[in-house]
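S.K.: Sending over a structure as structure tokens; questions will come in a sec.
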């Protein structure tokens, strides 16, 4: 079964600094991978998804993620953090039976 | 706005009671998923329906059940409620079934069991 692991339950960066949120997956078949964001008191919103078309995936709000098969990773990055990026981020893996989510990473932006 | 609606937004009830959460998927979406989000368990997949039929089961308790109606809306029934059932319950929908299809999440129903 597809599973994903997010490294770091909390990540704190300064405004303007690079954002790096880590996600590793395990699967024996080509995965479908997603990043979702959850703002306070809201549902999850899709940031980006990987479906094997391209290894570098660009999403909304300036985020992107790179699929690295050799490292079984799908880390999320953004060159310059904004205060509005403060939220919970979930990496998810899609299998035949829907999504499996990681535990989530709470992104804190320091002014 | 994802196009997925959930009612009610908040629900407060007592232990031992039964509640029903309702979800209307995006127009045209045939799959409905239910998730539970709590501080200790994180976001957990409960169950999926596709075009009225149960498609997949996750960590759903026997006290919980769901169904999808001909108009494609879905209901999640939670019975014999316990304090530990307090959580945020999300519904999501997708156009079809399978991991390749992105899911659109509703705003959630916050259940508090006292």
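Residue numbers (my numbering), protein chains in the order written: chain C, 18 to 128; chain D, 3 to 116.
Don't be surprised by glycine CBs; every beta carbon is placed ideally from N, CA and C.
#1: I want to see whether chain C comes within less than 7 Å of residue 45 of chain D, judged by CB atoms only; does it?
#2: Report yes if the CB atom of residue 21 of chain D is closer than 7 Å to the CB atom of residue 80 of chain D, and no otherwise.
#3: Closest to residue 101 of chain C by C-alpha separation, out of C:26, C:22, C:55 and C:90, would be which residue?
#4: Tell me which same chain residues have a C-beta within less than 8 Å of the C-beta of residue 88 of chain C, skipping the five on either side of it?
#5: Taking a cut of 7 Å between CB atoms, which residues from the region 58-91 of chain D lie near chain C?
#6: Taking just the CA atoms, how far does residue 106 of chain D sit from residue 92 of chain D?
#7: So residue 85 of chain C is in the beta strand (DSSP E); what residue range does that whole segment cover?
#8: Using 10 angstroms around the beta-carbon of residue 14 of chain D, count the other beta-carbons present and answer buried if the total reaches 16, otherwise exposed.
#9: Are the beta-carbon atoms of residue 10 of chain D and residue 95 of chain D separated by less than 7 Å?
#10: Alpha carbon to alpha carbon, what distance is there between residue 45 of chain D and residue 126 of chain C?
#11: With 7 Å as the limit, tell me which residues of the region 96-115 of chain D have their beta carbon closer than that to any beta carbon of chain C; keep them in chain order.
#12: Find the residues of chain D that neighbour residue 8 of chain C, judging by a C-beta separation of less than 7 Å, and give them in chain order.
#13: Can you name the residues that DSSP bridges to residue 44 of chain D?
#14: Could you give the first and the last residue of the continuous beta strand (DSSP E) run that contains residue 99 of chain C?
#15: Have a look at the DSSP bridge pairing and note the partners of residue 90 of chain C.
#16: Who are the near neighbours of residue 66 of chain D in its chain, counting only those whose CB is closer than 6 Å to its CB and skipping five residues on each side?
#17: Excluding the five sequence neighbours on either side, which residues of its own chain have a C-beta within less than 6 Å of the C-beta of residue 23 of chain C, listed in chain order?
#18: Using the rule of at least 16 other Cβ atoms within 10 Å of the residue's Cβ for burial, across every protein chain shown, is residue 73 of chain C buried or exposed?
#19: Of the choices D:111, D:71 and D:115, whose alpha-carbon is the least far from that of residue 32 of chain D?
#20: Could you name the residues of the region 24-38 of chain D whose beta carbon sits closer than 9 Å to any beta carbon of chain C, in the order they occur along the chain?
M.R.: According to the data block:
#1: yes
#2: yes
#3: C:55
#4: 41
#5: 58
#6: 10 Å
#7: 81-85
#8: exposed
#9: no
#10: 23 Å
#11: 100, 101, 102, 104, 105, 107, 108, 109 and 110
#12: No information on residue 8 of chain C is available, as it lies outside the stretch 18 to 128 that chain C covers here.
#13: D:40
#14: Here residue 99 of chain C belongs to no beta strand (DSSP E), and DSSP marks it neither H nor E.
#15: C:41 and C:85
#16: 80
#17: 40, 108, 119, 120 and 122
#18: exposed
#19: D:71
#20: 33, 35 and 37
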